[in-house]
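J.: Here the sequence shown is numbered in the working numbering, starting from 16 and rising by one per residue.
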Amino acid sequence: MINSRYAASMVNRDHWIPRNIDLVTPSSARLYDYYLGGSNNFAADRELARKVLAVAPQIRATALANRAFLRRAVRYLVAAGIRQFLDIGAGIPTVGNTHQIAQQLDPDIRVVYVDNEPVAVAHSELLLSDEPNAEIVEADFRDPAGVLDARETRALLDFDQPIGLLLCAVLHYVPDADRPAEILASYREALAPGSHVAITHITGDDQPDALREVAELYATSQNPGQPRSRDEFTALFAGFEVVEPGVVYLDQWRPERPEDVGEHPERSLAYGAVGRLVS
Ligand SMILES: C[S@@+](CC[C@H](N)C(=O)[O-])C[C@H]1O[C@@H](n2cnc3c(N)ncnc32)[C@H](O)[C@@H]1O
16 MINSRYAASM
26 VNRDHWIPRN
36 IDLVTPSSAR
46 LYDYYLGGSN
56 NFAADRELAR
66 KVLAVAPQIR
76 ATALANRAFL
86 RRAVRYLVAA
96 GIRQFLDIGA
106 GIPTVGNTHQ
116 IAQQLDPDIR
126 VVYVDNEPVA
136 VAHSELLLSD
146 EPNAEIVEAD
156 FRDPAGVLDA
166 RETRALLDFD
176 QPIGLLLCAV
186 LHYVPDADRP
196 AEILASYREA
206 LAPGSHVAIT
216 HITGDDQPDA
226 LREVAELYAT
236 SQNPGQPRSR
246 DEFTALFAGF
256 EVVEPGVVYL
266 DQWRPERPED
276 VGEHPERSLA
286 YGAVGRLVS
């Protein structure tokens, strides 16, 4: 459901542009919005996005496949009993956000979104202003205390009950130098048995040349990226048991119809998997 303030903001674009944001340096949130056909991006974002699409046109299909993975993963987690989600690196709201997918299945499901990008946060605040069971926190994945102890997080999520931790298309913005495995361990330690994590991540395993060029272009943005290999991606699930079908390209993860996979799932440029907390 789109509320009236959010709908108005789509018409009057000034509503959603927060003050003091960097309009000159492209951001991953706004690039992704562009790939998905959204309008919450600026000239510098569009210029870089066009360069990315020129060297790797499959990025647009990757973004769509990533959203489709998110939808399937949320439904899977709800079927597995999850009734609350922590969606980190949630992005600028688009079609089929986590609370909308989950609450179709159970309206009482609670969702906390986290992002460190001002446009994503401002837009989410508008979208969620009438939603009692969903909140946005402006925080950085690399600051687990800032995420886990935020007032909104504590108000909505019960850490004695299973949580679905979503990290879709965000960890490739956390380089090894920032120690993503150690950060993930902090989140894992806060989770109750039965919790799950869903992760998607860009890889250059099958298309290294295209990915190298994409990484070079993203190095000029606010979010330089680090693609990871299959082994590096799998290692992010330490302490979790990866559920069937394991680590696969996005379209191969529990497709709704066999024909959704296509002949070249590796063209999605990204792995996806879901892990269950080992208790
Ligand atoms: C490609 S979008 C993914 C959006 C959504 N998760 C999805 O899969 O459709 C990546 C998002 O991660 C956010 N992000 C990047 N680094 C982050 C960090 N360190 N902490 C929080 N959010 C981050 C960006 O601002 C952006 O909104």
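Just so you know, even glycine gets a beta-carbon here, dropped at the ideal spot from N, CA and C.
Taking the C-alpha atoms as reference points, what is the distance between Pro41 and Phe57?
T.: Distance between the alpha carbons of Pro41 and Phe57: 8 Å.
J.: Alpha carbon to alpha carbon, how far is Arg169 from His279?
T.: Taking the straight line from one Cα to the other gives about 43 Å.
J.: According to the neighbour-count rule (16 or more other Cβ atoms, all chains shown, within 10 Å of its Cβ), is Pro147 buried or exposed?
T.: So Pro147 counts as exposed.
J.: Opposite Ala205 in the DSSP bridges: which residues?
T.: According to DSSP, Ala205 bridges with nothing at all.
J.: Out of curiosity, what's the CA-to-CA distance linking Gly220 and Asp193?
T.: For clarity, residue 220 is Asp in the given sequence; the question names Gly instead. Roughly 22 Å separates the two Cα atoms.
J.: Do you know how far the Cα of Gln115 is from the Cα of Met16?
T.: For Met16, the predicted model reports a pLDDT of 45, less than 50, meaning its position is unreliable and no value from the coordinates is stated.
J.: Alpha carbon to alpha carbon, what distance is there between Ile103 and Tyr47?
T.: The straight-line gap from Cα to Cα measures roughly 15 Å.
J.: Using a 10 Å radius around the Cβ and a threshold of 16 neighbouring Cβ atoms, would you call Asp130 buried or exposed?
T.: Buried, because 16 or more other Cβ atoms sit within 10 Å of the Cβ of Asp130.
J.: On the DSSP bridge list, what partners appear for Ile214?
T.: Ile214 pairs with Leu182, Ala288.
J.: Check Phe248 in the structure and name its three-state DSSP category.
T.: Helix.
J.: Can you determine whether any heavy atom of ligand 1 sits closer than 7 Å to the C-beta of Tyr9, and answer yes or no?
T.: Outside the modelled stretch of the chain, which goes from 16 to 294, sits residue 9, for which no answer is possible.
J.: Between Gln118 and Ile124, what straight-line distance do the alpha-carbon atoms span, to the nearest angstrom?
T.: Gln118 and Ile124: Cα-Cα distance of roughly 6 Å.
J.: On the premise that Phe252 lies in contact with Gly290, defined as a C-beta separation below 8 Å, what is that separation, rounded to the nearest angstrom?
T.: The Cβ separation is near 4 Å, so the contact holds.
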